[in-house]
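Written below as structure tokens is the structure these notes are about.
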């Protein structure tokens with residue numbers, strides 16, 4: 001399972017296909033997280049980005065700051081990861097069903 005509790009120094013390079021965000025509500029020290037870019041388009045992540053825009057505007061320098069509690073961010077990331085995994089599994093099931101259907105049709109034509 002993806003580990004969202006990545007605590008690395010602020011200036012560590014971000015892996016390809018990922019984005020660094022800093023997370024923390026008022027009064028919390030912010031923590032750096034590295035998340036897959038695919039998560040950014042998920043409605044739950046989009047809502048957190050909208051909150052960041054309301055609070056900080058579009059002119060943030062460096063890592064995006066998301067003004068929410070760290071424990072909330074971790075829960076949201078787990079849900080997004082599960083949704084994406086479920087979507088990939090559903091797509092694989094559809095592909096396998098489609099492949100099986102074609103194989104079955106070919107078998108009928110040979111009879």
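Numbering (the UniProt record's numbering), first residue to last: 1 to 111. Glycine included, C-beta positions come from ideal geometry on N, C-alpha and C.
With 16 other Cβ atoms within 10 Å as the buried cut-off, status of residue i
| i | result |
| --- | --- |
| residue 79 | exposed |
| residue 73 | buried |
| residue 76 | buried |
| residue 35 | buried |
| residue 111 | Note that residue 111 scores 48 on pLDDT, short of 50, meaning its location in the model is unreliable; the coordinates nonetheless yield the value given after this. It counts as exposed. |
| residue 58 | exposed |
Same chain, Cβ closer than 7 Å to residue i, five either side skipped, listed in chain order
| i | result |
| --- | --- |
| residue 56 | 65 |
Residue closest to residue i, alpha-carbon to alpha-carbon, out of the options
| i | options | result |
| --- | --- | --- |
| residue 26 | 13, 33, 70, 90 | 70 |
| residue 18 | 86, 33, 92 | 33 |
| residue 16 | 30, 29, 37, 96 | 37 |
| residue 85 | 39, 96, 61 | 39 |
Sequence-distant residues of the same chain with beta carbon closer than 8 Å to residue i, five excluded per side
| i | result |
| --- | --- |
| residue 51 | 66, 67, 68 |
| residue 14 | 20, 34 |
Sequence-distant residues of its chain with Cβ nearer than 6 Å to residue i (five each side left out)
| i | result |
| --- | --- |
| residue 88 | none |
Bridge partner(s) assigned by DSSP for residue i
| i | result |
| --- | --- |
| residue 84 | Answer by DSSP bridge pairing: none, since residue 84 is not bridged. |
| residue 36 | 18 |
| residue 66 | 23 |
Q.
Three or more C-beta pairs under 8 Å: does that hold for the region 64-83 against the region 39-52?
A. By the C-beta criterion, the region 64-83 is judged to be in contact with the region 39-52, since at least 3 inter-stretch pairs fall below 8 Å.
Q. Within the chosen definition, does the region 16-28 reach the region 57-66 through at least 3 CB pairs nearer than 8 Å?
A. Yes: at least three Cβ pairs fall under 8 Å.
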